[in-house]
Amino acid sequence: MTRLNRLAEFGTTIFAEMSALAARTGAINLGQGFPDTDGPEEVREAAVRALRDGHGNQYPPGPGVPELRTAIADHQRDRYGLEYDPDTEVLVTAGATEAIAAALLALVEPGDEVIALEPYYDSYAACVAMAGGTRVPVTLRPRQDPRGGAADRRFVLDLDELRAAVTPRTRLILLNTPHNPTGTVLTRAELTAVAELAVERDLLVVTDEVYEHLVFDGAEHQPIAALPGMRDRTVTIGSAGKTYSFTGWKVGWTTASPELTATVRAAKQFLTYVSSGPFQYAVAEALRLPAAYYDGLRADLQAKRDLLSDGLAEAGFEVYRPQGTYFVTTDIRPLGEGDGFAFCRSLPERAGVVAIPNAVFYDHREAGAPFVRFAFCKRTEVLQEAVDRLKRLA
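Structure follows, in structure tokens:
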């Protein structure tokens, strides 16, 4: 008897392949989005203190340690005016990836349709498949940014296309803003239109906001849960890894209504059950860092974004300067290339740099074929060396 395998289309991730290629060739790895320096010393010391004091060395509570759940609730209130009960509306997860998996496994039934903004983080497709759902991509396309100058382009959500994608089988919309890999930050007007559609068609929204603090050029991150009618139909996902540069700690969370939180927790308990005990105490302290920390983080990353973006443009790429995240998306067609996979597999030998082909984030592979993503969450000297190497392409 033939057995169906929901994950048949998913093999080794592109990140594993390209990181192995970087190690084999000695190339600079601008593929995977992790910093090459640690985050704040006081946060790291908080983790050491928790270990020494015996906090979290055994199983922490299933929903997360109270100190962290309270800190998450305080963060959502102080930053966005969103009130959540830390006991019934906050759930700590093993990073955002588990939060995405738990939310989709909990909320999607076999046959349900899930709308995702394409290109999308690769775990979205796998989690929809594991839940037995059908993914329905709505493609972000490069357009002139009316807010910028003549050379400013961004990837834009077509709201008419989004509305047309909703059918009677649609269960939820899976959002990501700031958006990986394009760097787009959805505007308040765009999110308002999504919210109105969700209310009109009685849809759930799962929103991945792990890059919420990494926005540039005065862009504003707006949580869709704060818009009218959305609090009780939205699961918001956050993470400490990107904001505090401790991606290996794998501490993420969800905030949602008691009913949605209980449903997601029911799935999460059969994934990891609990994780990251001592690190949860440290992240609770990280969430209480002063505003100056976030200002400094954004300024540092914006300067690195500009260094890499300018260097890529000089090397001949068309560059989509991101409004947020760790990543710059480029178009390789000005270099006479059109196949991002072939380009990225040859780039370590040609220029000593590793990047990621955006086509892996698309159902419509042809739409993503000419786009390549580079990460700029690296030390300035590493980025400068990468820029110097990439000039060989010009």
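Residue numbers (our numbering): 58 to 451. Virtual Cβ for every residue (Gly too), placed ideally from N, Cα, C. None of the values given here were measured: they were computed from a predicted structure.
- A distance below 6 Å between beta-carbons, with the five flanking residues on each side excluded, links PHE303 to the following residues of its chain, in chain order: GLY96.
- For GLU442, the uninterrupted alpha helix (DSSP H) run begins and ends at 437 to 447, by DSSP.
- Looking only at ALA283, TYR116, ASP388 and ALA163, the smallest Cα-Cα distance to THR239 is reached by ASP388.
- Membership of LEU354 in the alpha helix (DSSP H) is indicated by the continuous run 348 to 371.
- Between GLY119 and the set LEU139, ALA103 and ASP144, the nearest pair of CA atoms involves ASP144.
- By the neighbour-count criterion, in which a residue is buried when 16 or more other Cβ atoms sit within 10 angstroms of its Cβ, PRO167 is exposed.
- A distance below 7 Å between beta-carbons, with the five flanking residues on each side excluded, links GLU124 to the following residues of its chain, in chain order: TYR338 and ALA341.
- Note that the segment 359 to 371 does not touch the segment 184 to 193; fewer than 3 beta-carbon pairs, one per stretch, sit closer than 8 Å.
- According to DSSP, LEU231 shares a beta bridge with ALA173 and VAL263.
- Of all alpha-carbon atoms in MET75, GLU66 and THR70, the one lying nearest the alpha-carbon of PHE431 is that of MET75.
- Just measuring C-alpha positions, the residue of PRO280, ALA343, LEU440 and ARG407 sitting nearest ARG136 is PRO280.
- Setting aside the 5 residues that flank it on each side, LEU317 is surrounded in the same chain by VAL292, each with a C-beta closer than 6 Å to its C-beta; the list follows chain order.
- Its chain contains ILE172, ALA173, LEU174, GLU175, LEU214, ASP215, GLU218, LEU219 and ALA222 as the residues whose beta carbon lies nearer than 8 Å to that of VAL195, once the 5 sequence neighbours on both sides are disregarded; these appear in chain order.
- Cβ-Cβ distances below 8 Å link ARG422 to ALA416 in the same chain, with the five nearest sequence neighbours on each side left out; the list follows chain order.
- For TYR377, the three-state secondary structure derived from DSSP is strand.
- With fewer than 16 other Cβ atoms from the protein chains shown falling within 10 Å of its own Cβ, ALA73 counts as exposed.
- A straight line joining the alpha-carbon of THR154 with that of LEU450 spans about 35 Å.
- With fewer than three CB-CB distances shorter than 8 Å, the segment 108 to 117 does not count as touching the segment 259 to 278.
- Annotation for VAL100: TYR301, PHE303, ALA339, VAL340, GLU342, ALA343 and LEU346 place their beta carbon closer than 8 Å to its own, counting only its chain and skipping 5 residues before and after.
- VAL439 places its beta carbon less than 8 Å from that of ASP93.
- By the Cβ-count criterion, ARG200 is exposed, with fewer than 16 other Cβ atoms from all chains shown falling within 10 Å of its own Cβ.
- Judged by their CB atoms, VAL376 and PHE336 are not nearer to each other than the 8 Å cut-off.
- Taken in chain order, the complete alpha helix (DSSP H) segments of 4 or more residues contained in the segment 289 to 350 are 298 to 301, 315 to 325 and 334 to 343.
- Contact between the segment 271 to 285 and the segment 372 to 386 is present: three or more C-beta pairs spanning the two stretches fall below 8 Å.
- In this structure, DSSP gives VAL411 an extended state, which the three-state scheme calls strand.
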